Amino acid sequence: DDVEVTRMEMKKEYGDDYWGVRYLVTFVGDLVRGDVPELAVVSLGRDGCHDAEAEDASYVFGTNATGSVQTLQTSTVPVWRAQTTAPLPWDAEADDVKYALEALQQVCTVDVERVVETGSNGYAWYVTFTAELESRDDTRFMFSPLLGLGANEDGLEAAIQPTVTVTPVAEKLVPAPSGGGPTYVRVAARNDFGVGAYRTTSPVGLTPQTQKPDPPALVRAEVVSPTELLVEWVGPENDGGAPVTSFEVEYDPAPTFDSGAQGHAAGSVRVFASDRRGVADVQSVTVAETTGERYLGGFFALSFDGQDTQALPYDASAAAVEAALEALCTVDDVTVTRTMC
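Going by the working numbering, the sequence shown opens with residue 10, and the numbers climb by one from there.
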């Protein structure tokens, strides 16, 4: 639907093999979808020129003229573009990286841990794609990131060579006795020629023991009244070796949680684990033609927590909607009923 054309004269004194004209045609229109068919030269010499000849009859246009087409560059069009997070500061907190990644539609849920990078003035962020881990245990829940993580250094500034790299990290839980002496671990790589040299962990030995539980996951809050916030969370994946007995919920007008007496939070509530009961979230989705003058048709899709379902017909059954929602990596289990409006 759109091309750009440049014209160049061909002469033997310019180093060309022939005298003539060369046209460089570039397809640039929106309708270009990858490689395009090659042009063809037709009707060369017609419309009064076919029998034109030199005065000495040494050259006849229709006999000696020639035309050819050559593809100089094969066109390619990307069918998708890798998603990019919002810019992150060089010392971004773990939660900042977590929320930035989970805002991408190609990412479901991740856990992020930030540590100080030993031997350099920087940080390392350990990112675990938790939805991918779940899919290994549940074949109904198949998810893996479309691409590995990548990084760019456009916004980095430092006196000496600032850099950011992404490195895959392997991890494995190994059994270790609790309450006994230290357990030592070392790792080696193996290939077809054998096992390479071992490298011990840092620190060298650790003694497993009961410890504090990990932080709760998916902690969220929303306004439910002029004087109340609803707080929701999921228990920690690692309970520290002992069952979680309760949760401490603190609230404060300051983000530092030190507005109360002796620098503590202004208020707190203890929620016993035995009292924590799930509350079903019920939502209503309506697809309708509101004027009453036309018939409804076509398709629709639902979006939840950054993930979109496949296209559903306007009159999809409750089972079809339920299956489409449960296919999302951000949805575990739902119940759907359908009523006619």
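Glycine residues also receive a C-beta, built at the ideal position from the N, C-alpha and C atoms. Quick caveat, the model's predicted, so the values are computed rather than measured.
### Message
Under 8 Å: do the segment 238–248 and the segment 210–226 share three or more Cβ pairs, one atom per stretch?
### Response
yes
### Task
Would you decide whether T118 is buried or exposed? Buried here means 16 or more other CB atoms lie within 10 Å of its CB.
As a first step, residue 118 is located in the sequence shown; it is residue number 109 there, counting from the start. Buried is the call here.
### Contacts around L33, its chain only, beta-carbon distance under 6 Å, and the 5 residues preceding and following it disregarded
In the sequence shown, residue 33 corresponds to position 24, counting from 1. For L33, where only same-chain residues beyond five positions count, the Cβ hits under 6 Å are T15.
### Message
Helix, strand or coil for S283? Go by DSSP, reduced to three states.
### Response
Position 274 of the sequence shown, counting from 1, holds the residue named residue 283. Three-state DSSP puts S283 in a helix.
### Query
Since Y193 is in the beta strand (DSSP E), which residue starts that stretch and which ends it?
As a first step, residue 193 must be located in the sequence shown, where it is residue number 184. Its beta strand (DSSP E) spans residues T192 to V196.
### Message
Below 8 Å on the Cβ atoms is my contact criterion, and I expect N200 with P222 to pass it. Report the Cβ-Cβ distance as a whole number of Å.
### Response
Counting from 1 along the sequence shown, the entry for residue 200 is found at position 191. Counting from 1 along the sequence shown, the entry for residue 222 is found at position 213. Wrong, their Cβ atoms sit about 39 Å apart, outside the cutoff.
### Query
Can you tell me the Cα-Cα spacing of A329 and L321, whole angstroms?
For the purposes of this step, residue 329 is taken as the residue at position 320 of the sequence shown. For the purposes of this step, residue 321 is taken as the residue at position 312 of the sequence shown. Using only the alpha carbons, I get a separation of about 8 Å.
### Query
Rounded to a whole number of angstroms, what is the C-alpha to C-alpha distance between K21 and V37?
Reading the sequence shown from its first residue, position 12 is the one you call residue 21. Reading the sequence shown from its first residue, position 28 is the one you call residue 37. The alpha-carbon atoms of K21 and V37 are separated by roughly 31 Å.
### Residues of its chain near A124, where Cβ-Cβ distance is below 6 Å and the 5 sequence neighbours each way are ignored
Start at 1 with the first residue of the sequence shown, and residue 124 comes out as number 115. The question names Ala, but residue 124 is Val in the sequence shown. A133.
### Message
According to DSSP, simplified to helix, strand and coil, what is Y108?
### Response
Working through the sequence shown from its first residue, we reach residue 108 at position 99. The answer is helix: DSSP assigns Y108 an H, G or I state.
### Query
Since V330 is in the alpha helix (DSSP H), which residue starts that stretch and which ends it?
Taking the sequence shown and counting its residues from 1, the one referred to as residue 330 is at position 321. Note, V330: alpha helix (DSSP H), A327 to E335.
### Message
If distances are taken between C-alpha atoms only, which option among L182, T236, A333 and A49 comes closest to P217?
### Response
Start at 1 with the first residue of the sequence shown, and residue 217 comes out as number 208. If we check each option's Cα against that of P217, L182 comes out closest.
### Query
Helix, strand or coil: which one does DSSP assign to Y132?
Position 123 of the sequence shown holds residue 132. Y132: strand per DSSP, three-state reduction.
#### Entry: Collapsed DSSP secondary structure at A230 in the structure displayed
Translated into positions along the sequence shown, residue 230 becomes position 221. Strand.
### Task
Report the three-state DSSP secondary structure of E18 (helix, strand or coil).
Within the sequence shown, the letter at position 9 stands for residue 18. In the structure shown, the three-state DSSP call for E18 is strand.
### Query
Span of the beta strand (DSSP E) holding D120?
Translated into positions along the sequence shown, residue 120 becomes position 111. Where D120 is concerned, the enclosing beta strand (DSSP E) stretches over V119 to V125.
### Message
Looking at T174: is its Cβ nearer than 8 Å to the Cβ of A185?
### Response
Locating residue 174 in the sequence shown gives position 165, where the first residue counts as 1. Locating residue 185 in the sequence shown gives position 176, where the first residue counts as 1. Result no, Cβ atoms of T174 and A185 do not sit closer than 8 Å.
### Task
Run the CB neighbour count on V213, radius 10 Å, all protein chains shown included, and call it buried at 16 or more, exposed below.
On the sequence shown, residue 213 is found 204 positions in, with the first residue counted as 1. V213 should be labelled exposed.
### Query
Using the C-alpha atoms, what's the distance from E122 back to L165?
On the sequence shown, position 156 is the one that residue 165 refers to. On the sequence shown, position 113 is the one that residue 122 refers to. Between L165 and E122, the C-alpha separation is close to 21 Å.
### Message
Please classify T318 as buried or exposed, where buried requires at least 16 neighbouring CB atoms within 10 angstroms.
### Response
Here residue 318 refers to the residue found at position 309 when the sequence shown is read from its first residue. Classification of T318: buried, given that the 10 Å Cβ count is 16 or more.
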